[in-house]
Structures are given as structure tokens and as C-alpha cells.
Amino acid sequence: HADSLASKITTKGSVLDQITGYKVDNHVVHIHYYKPRGDNKEAWDNIDVEGFLGQKMQIKINFLCRDSILAAPLALELARLADLAKRRNEGGVTPALGVFFKSPMVADPNEVPIHGFEQQQAVLLNWLAAGVKGPQPQPVVEAAKGVLAPVFVLADSDGSAV
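In our numbering, the protein residues as written are 13 to 174.
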């Protein structure tokens, strides 16, 4: 657990600058394993905000969940997307699937992984749209504005839905 713990702390602390667009100096991460809880996870988030007239306030979130239940639908979607990539004759590192991972991989070692959700979503939706037969929805997504893409159905060359 020690290696996994160190990796989680590094990952959680290292991506905020990219996501927020500014240097975050005061982010604190504590992760503790509590054996009796097993697969259950509890996260306490404290977000300091500034309100009207500079009034300091806090948003506190206490999130209780199960890791395996959170991971299951993601694993199913990854299996479907890996199958789609195989049918497209694509392989290796697929940056479009970065939205599913805490530490997304990149094909080029000089490339910086994308950690912002809207940007990751844009990469995934554009990758999906590249396989759409017929008219393309344009633009599929505008990542900078966080605009969601229209719904579309992916189809194989025989026209069957993916």
C-alpha cells in the first residue's frame, strides 16, 4: 500500500496547476488507510472561497463511497472503447481514453498529459466522432468553453450501432 499511497498523493497534488491555470501553493492531501473500512472510501474536502465583499467562506464535502462500485462502470466503458479501437485497427497508448485515468498516458514522451476534465472530454468526443459515418456534428465540442457535444450514434462500416 505504501507505493500506491505515495503515487496517489503525488498525482492528486500535481495536476491542480494545469486544471486551474494558476499555481496552487496551498493544496494539502492526506490519505490514510483504515483497514476496517475495506473497499469503502471517505473523502473530506474543504474548499476555501471568497464571497461578496471579500468575506471568507468554506464549502465542506463529506463523500462516502465504494471504490469498486465507482470503478465498475468505468471499466465497462473502457472495455467498449478498447473494442472500438481494435475494430478501427488502433492500438497502443490512446490519449482519448485519458479521461478514465488519474495519470493519463501520452504516446509522445515530450507531450504533457491533459488533466482537465473538459479538455479530456473534448479529446474523447472528438476521437469518437472520428468514427461516425455520415455527416459530422460540427464542432463536436469546444473544450475551452466546456460545451458538451451533441448526442450521436457510432456505427461500424456495416451500419450497426457500436
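Ideal placement from N, C-alpha and C gives every residue a C-beta, glycine not left out.
Within the same chain, VAL41 and ILE43 come within 7 Å of ILE21 by CB-CB distance, once the 5 residues on both sides are set aside.
Residue range 28-32 is occupied by the alpha helix (DSSP H) that includes ASP29. Distance from the CA of ILE81 to the CA of LEU65, rounded to the nearest whole angstrom, comes to 42 Å. For LYS114, the closest of PRO125, ASP120 and GLY104 by C-alpha to C-alpha distance is PRO125. With the rule of 3 Cβ pairs closer than 8 Å, the region 116-133 does not count as touching the region 82-102.
Collapsing the DSSP output to three states places GLU102 in coil. With contact defined as three or more Cβ pairs closer than 8 Å, the region 46-64 and the region 130-137 are not in contact. For GLU123, no beta strand (DSSP E) run applies, since DSSP gives it neither H nor E.
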